[in-house]
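Residue numbers (UniProt numbering), protein chains in the order written: chain A, 1 to 761; chain B, 1 to 761.
Written below as structure tokens is the structure these notes are about.
2 protein chains.
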Amino acid sequence: MREDWTVVEHGCDPEQVARRGNTFLIGNGYLGYRGTLEEYGSKQLVGCTLAGLYDRVGEKWREPVNAPNGLFCRVLCEGEPVAVFAPRTEIASHEQGLCFRYGIHFRNTRFRLADGTGVVVSAERFACLEPVHVLAMKFSFSVSDVRTVAVETGIDRDVWDLNGPHLGGFRLVARDRVRVLEAYTQEAGIPVATAEIVLDPEGVFRDGGTSEAGHRLYEIRAEPDRTYTLYKFVAIYTGKDVADPVSAAADACMRSAAAGYEAMLRRHRELWDARWAVSDVSIAGDPEAERALRYSMYQLWIAAPEHAEALSIPARALSGQVYKGAVFWDTEMFMLPFFLHTRPDIARKLLRYRIRTLDGARRKAAEYGRRGAFYAWESQDTGDDACTLFNVNDVLTGRPIRTYFRDKQIHISGAVVYGFLQYARATGDDSLWLEGGAEAVLECARFYLSWAYYKPDKDRYEWLDVTGPDEYHERVHNNAYTNAMVRFTLHTACELADRLRKRYPAFWRELVDRLGFRRDLADIRRMLKRVYVPQPDDRTRLIEQFDGYFGLRDATPDELKAEMLHPHEYLGGGNGLAAHTQVVKQADVIALLALFEDDYPVEARRANWDYYEPRTEHGSSLSAPLYALVAAGIGEKRKAYEYFMRAATIDLTGAAKTHVGDLYIGGTHPAANGGAWMAAVHGFCGVRVGDDSVRVAPALPDGWEAVELPLAAKGGRFALRLTEGAVRVRADDANRGSVPFVVGGKTYVLRPGETIDVRLA
Amino acid sequence: MREDWTVVEHGCDPEQVARRGNTFLIGNGYLGYRGTLEEYGSKQLVGCTLAGLYDRVGEKWREPVNAPNGLFCRVLCEGEPVAVFAPRTEIASHEQGLCFRYGIHFRNTRFRLADGTGVVVSAERFACLEPVHVLAMKFSFSVSDVRTVAVETGIDRDVWDLNGPHLGGFRLVARDRVRVLEAYTQEAGIPVATAEIVLDPEGVFRDGGTSEAGHRLYEIRAEPDRTYTLYKFVAIYTGKDVADPVSAAADACMRSAAAGYEAMLRRHRELWDARWAVSDVSIAGDPEAERALRYSMYQLWIAAPEHAEALSIPARALSGQVYKGAVFWDTEMFMLPFFLHTRPDIARKLLRYRIRTLDGARRKAAEYGRRGAFYAWESQDTGDDACTLFNVNDVLTGRPIRTYFRDKQIHISGAVVYGFLQYARATGDDSLWLEGGAEAVLECARFYLSWAYYKPDKDRYEWLDVTGPDEYHERVHNNAYTNAMVRFTLHTACELADRLRKRYPAFWRELVDRLGFRRDLADIRRMLKRVYVPQPDDRTRLIEQFDGYFGLRDATPDELKAEMLHPHEYLGGGNGLAAHTQVVKQADVIALLALFEDDYPVEARRANWDYYEPRTEHGSSLSAPLYALVAAGIGEKRKAYEYFMRAATIDLTGAAKTHVGDLYIGGTHPAANGGAWMAAVHGFCGVRVGDDSVRVAPALPDGWEAVELPLAAKGGRFALRLTEGAVRVRADDANRGSVPFVVGGKTYVLRPGETIDVRLA
């Protein structure tokens, strides 16, 4: 078991430290703790990123707060630090690893000191799934000769900050055996309490006082080849969680200590087992793909805001402060499907975040002279847009480049609507509409209404001056993807209006009156008949990405790369190398085809895939999974598999851009992880949830003998087993109703406990 | 007299050579001959630019053809060249000058050779007004000691070319005493014949054979302090002029020789006197302004296509190949008024060029998926746009910058319409409408119709994604100037339709049927009621240059200059320093106020002048005259005078940009010259020709005691004399009808020969 679910790397390469911080990240939705070593500091990008807590210092970006590092720990041998990257220590062997089945980080390092002493340091840690405020660590060492050894541990303030420091007013408080470091965010003065308790189960250590850095020293005259162990619990609470974070953190430490490390770990593992029970995908015949997909799901799970009412997942999850800890369209378009079909209650929390931030979206629309809801391109706590107008610096001149991510990516509102509709479709549950989802959808439709222009000579409505998913081409007209999202949104608003009016007439009346939406709805219905969405050309079947795209200079990403003057040069912006060519940053027309597959015949999908693929740089991690998905749908198994693996392994290999201009954009890629799941489940397994039924039509990659996966759909749970020639679906005994499955062209209505076994022609 | 009408400069500074080439330019509308010395070559930018003859080599720009230099001439003393910038010669004194009353270039240079010999070289030349194919030169020298001197002269091929060589297939032909160099343009194979004849009136020179460069040597044993003189006539004909250019050029040389230099000069001066009789403005009390204004008019006269049927004036006139020899909106907006009120027959030729190139404008509209006529931003022979999509190179990276001059400056079509309307208004002549002007106007209106979008929630039509006169802000929405030009065009089309239908019903029926314009006209009438033109704010009275302009970073041109990394850095384009600030390149809102002065109260004009002036870089020579004009209208005499002088002296001082990016843009500035005339006559003299009358309301700058000027208007000619307190107008005896003049609030209908003398309150 351990082999399948573990990532282990050997040796210590400074070049790998940042990437390992992501690969070996642990987390529980409340916090993410980077995969750094216990002795690391800010230079090695130590970070304990708190979900949903943002702070801003001066004119710099607002970004998530990294808590002080309660897990800091290192060995001093005869007063000399024994640590990776410490002077006068040689590393005989080092392994760092992660058990991603249970989110347990571990390290084992054999040091050889200048005097020949061998020191072994081992540690293991996890971010408890219950309670999510607690981090637990087991820290051990042994020495080859009798030595005076101290373990230096404390709450270290030397943590990574992009635009910090975000905490001030530090105060160290002692509560019984717990020490609590109290601090306050700079902007809003929100208290953040980090508590630690150290356990010495054998009672062998003596108090060595305080280190230079103010940490405590646990001292011992160590005997050779005996392993000494300390346990540590760290608890973090903020003023957003409770009124008195100091007490809450201290109490959590005490309670964890009382329960003990093993008991805490046991409960933690039970909760992870429950997660895998509803999500694990086994792929017989391809252990590599299986492992990558499981690892991808791990990354999603550790970011899942299970503890919250209404919280979403940032684009770099909880791996740090990159991208301002902001939520992008990534959530609705790439992460949501995984949760919809495993834990729809978590999907619901993600969407509630969009309800909670609706007023921010309204403010943004008003700021741009529009009505309705224009969701933030980079959304933090309030829904106001954190995206700056000059988002990238030109590496050639050092000057800021005007980018139009914030102003022109109007497709974001459509992504939110798409999220809500996916929820309703996957769960069959109307309640989120009533809780605010309907209001959000209507306001998004109203926003598109107010962006629309009518072209009299063509008798159609157009959406002008927008940026599609391909950010290298800003301020374009009639981006096919965007216009399709507009039409989808207007259509959804009309359908929803009909449904709510019929089923919830009082609710509907109140909503429509409160929003003053009657006339808008009439306008939307009228407009819907005349929405212009660029269609495949009759002859070539190609969809033009936007007005005039085909007239741009034809080029490939490699050709542009040869023209680059600096490796981090930004290819977009007003005068970027790609901006005036056909090189696109990421799936754009292909994103449209992935979302609205059924609207386009396979020949059109193939023609566009073949055209756009060699012109796509995949400069965003969102690109590969969509290329995989569309390739799977047109039977291009090999290419689909390549793009799927590229998405699924992105945080294992770190094969993603780390810089745009002079901007560091490293971190984890939960959207690619979610996209890998989509490629596997929607793509290869052909599992698609429609309005009325679940369709299963597997087209497995070569070597995939059988796939087994659990699936939540339409309020029930199902176990699927798919091979190239057969589909088995078992409805859970506890299901409350029947759900129609369409397999091999036939519909089977699965009652609770029922199993179907269909051979495919 | 000579002092007033002459520009003389002393000394030889290599840095001044390019500028002097412009300042001392001579020309006659058929050709421009740069103000270089007789011994200069391509390095000193010798150019004889032919109007309307374009050629293209390979992938380079199409640009005007420079003829071989028939005026090449230099002295060899004992075989050694005696020339400016020649080695081993010292210049004791040098003057170069221009009599701009008659367009006569002269130079006097005293050389001191290494052996102490003094050599004086003098020359004088003019580009005949009749025939325009002929250049005449008188070339003299004297020596201080007995020396063997040769005059080397011929048709030199070493001339300035930006993207040449444009001529090939050279063949030297002898015709009697004339030598003709025949050549052909590269692209279209059009023959160009340059003929020369050398006259030795005293018969003192002997044939010295041929120089190394293939020129002829006229040799003499020169006596001390005696002046020896040769005369030379050069004639140029192309295949666009006649079927046999070689014979035509040879004949022209022979005829000129037969007439003799003095007779040719006499006729030339008569024709110039006739020009000044209809245009000279005398300004009592301010000889400096008077001289600058006369010089400005000189620059316009030497570019006037008097010889042609339908030809316009390039933005750099005939001073070289800069800006591709292309015609811009400069002609209609800045040069036309001068001709309208001096020689309306020349104004007509300029506008006929737009009729001749209407099909090119139609092709351009179609290229951009529009209907009607989208005139070329840079128009050459066919009206197809010579403007490239990447018009400037980035000096920081060497990369081309995407500019939207060609695609988005839709105001060009409005400028053409404005030109036609000005003609009709100034002359009272309908015939140009019938000759094609009406068709051009309707097609321009149709173009704007097809660019329009309707904004449903605002119930108005908008013009989106355009570039106004301020080219630093490309791709903006609802540029106030552009939208005003659109409304003006649609309005003009409607008024014209009414007029033609009433007065020329058969013509109108044929036109409207041929163009299929009935439905468009109905659409235009409907649209006209809903055209959005940004208006002055109720409180601030400011007009926003385009949607969102006031939201841009506020900055001044000086602030941006401090940020520049290179002196020639282009401030516009996608990421130029000005592009995302309020710094504007040139008058834009102020251009609107200059054109439609009567539509805006003086307070609004003042508020906008005060706001935009400190934010304007005047990066185009078109800017200053418009700032002068509007300043004059709001009573800001001092500021108006400053801007007027800046415009009027631009080609004397050369105080204009010579580079944009790595692009050389030096040359003369006929638009600024015409703008100076507008500022003086429309602005200070307050002479405005309306639909039914001529208004005269002087507001003279301090020190201008009296202004006298002739004025052509409404088919008549008038002599005006203005002081701050009085206006005298005399109608020419030869006028055919009466013209109403409005002076001091009263209307006076001037019959032929009548004079009014009005004291102003």
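All C-beta atoms in this analysis are idealised placements derived from N, C-alpha and C, irrespective of residue type, glycine included.
Just so it is clear, the structure is predicted and the values come from calculations on it, not from any experiment.
- Taking Ala315 (chain A) as reference, the option from A:Glu80, A:Tyr748, A:Thr723 and A:Gly666 with the minimal CA-CA separation is A:Gly666.
- In the DSSP assignment, Val198 (chain A) forms a beta bridge with A:Lys232.
- Put simply, the backbone Cα of Arg751 (chain B) is about 8 angstroms away from that of Arg736 (chain B).
- Taking 7 angstroms as the Cβ-Cβ cut-off, the stretch 288-322 of chain B has no residue approaching chain A.
- Nearest CB-CB separation between Tyr453 (chain B) and chain A: below the 9 angstroms threshold.
- Taking the Cβ atoms as the reference, Glu223 (chain A) lies roughly 11 angstroms from Thr148 (chain A), outside the contact range of under 8 angstroms.
- Taking 9 angstroms as the CB threshold, His10 (chain B) stays off the interface with chain A.
- The beta carbon of Thr397 (chain B) sits closer than 9 angstroms to some beta carbon of chain A.
- Ranking A:Ser620, A:Gly633 and A:Asp691 by CA distance to the CA of Asn673 (chain A) puts A:Ser620 first.
- For the stretch 456-483 of chain A, the residues whose beta carbon sits under 8 angstroms from a beta carbon of chain B are, in order, Pro456, Asp457, Glu462, Leu464, Asp465, Arg475 and His477.
- For Met564 (chain B), no beta strand (DSSP E) segment is defined, and its DSSP state is neither H nor E.
- The beta-carbon of Ser450 (chain B) is placed less than 9 angstroms from the nearest beta-carbon of chain A.
- The beta-carbon distance between Asp156 (chain A) and Phe72 (chain A), rounded to whole angstroms, is 4 angstroms. This is short enough to meet the 8 angstroms contact definition.
- Among the residues of chain B, those whose CB is under 7 angstroms from the CB of Ile401 (chain A) are Asn575, following chain order.
- His10 (chain B) and Val17 (chain B) have their C-alpha atoms roughly 12 angstroms apart.
- Contact annotation: the stretch 238-255 of chain B touches the stretch 192-202 of chain B, with at least three C-beta pairs closer than 8 angstroms.
- DSSP, reduced to helix, strand and coil, places Lys585 (chain A) outside both helices and strands of the structure shown, so it counts as coil.
- Within the stretch 572-600 of chain B, those residues whose Cβ lies closer than 9 angstroms to any Cβ of chain A are, in chain order, Gly573, Gly574, Asn575, Gly576, Leu577, Ala579 and His580.
- For Pro287 (chain A), the enclosing alpha helix (DSSP H) has its first and last residue at Pro287 to Trp301.
- Excluding the 5 residues flanking it on each side, Asp381 (chain A) has same chain C-beta neighbours closer than 7 angstroms at Gly52 and Tyr54, in chain order.
- DSSP lists B:Leu113 as the beta-bridge partner residues of Thr89 (chain B).
- The beta-carbon distance between Arg101 (chain B) and Trp5 (chain B), rounded to whole angstroms, is 4 angstroms. This is short enough to meet the 8 angstroms contact definition.
- Annotation for Met137 (chain B): no alpha helix (DSSP H) segment contains it, though the beta strand (DSSP E) segment containing it runs Val134 to Val143.
- Put simply, of B:Tyr323, B:Leu50 and B:Lys43 the residue whose alpha carbon is nearest the alpha carbon of His659 (chain B) is B:Tyr323.
- Selection A:Arg343, A:Ala310, A:Phe718 and A:His491 evaluated against Val327 (chain A) yields A:Ala310 as nearest (Cα-Cα).
- In the three-state reduction of the DSSP assignment, Leu511 (chain B) falls in the helix class.
- Three or more Cβ pairs closer than 8 angstroms define a contact, and the stretch 484-498 of chain B meets that threshold against the stretch 402-420 of chain B.
- Neighbours of Asp394 (chain B) in chain A, taken as residues whose beta carbon is under 8 angstroms from its own, are Asn575 in chain order.
- Contact of Leu565 (chain B) with chain A by beta-carbon distance below 7 angstroms involves Thr397.
- By the Cβ neighbour-count rule, Arg354 (chain B) is buried, with 16 or more other Cβ atoms within 10 Å of its own.
- Classified as buried, Leu629 (chain B) has 16 or more neighbouring CB atoms from the shown chains inside 10 Å of its CB.
- Counting the other Cβ atoms within 10 Å of the Cβ of Leu172 (chain B) gives fewer than 16, which makes it exposed.
- Membership of Pro131 (chain A) in any beta strand (DSSP E) is not indicated, and neither H nor E is assigned to it by DSSP.
- The DSSP assignment places 739-743, 746-750 and 755-759 as complete runs of the beta strand (DSSP E) inside the stretch 730-759 of chain B, in order along the chain (cut-off: 3 residues).
- The beta carbon of Arg221 (chain A) is closer than 6 angstroms to those of Thr148 in its chain, skipping five residues each way along the sequence.
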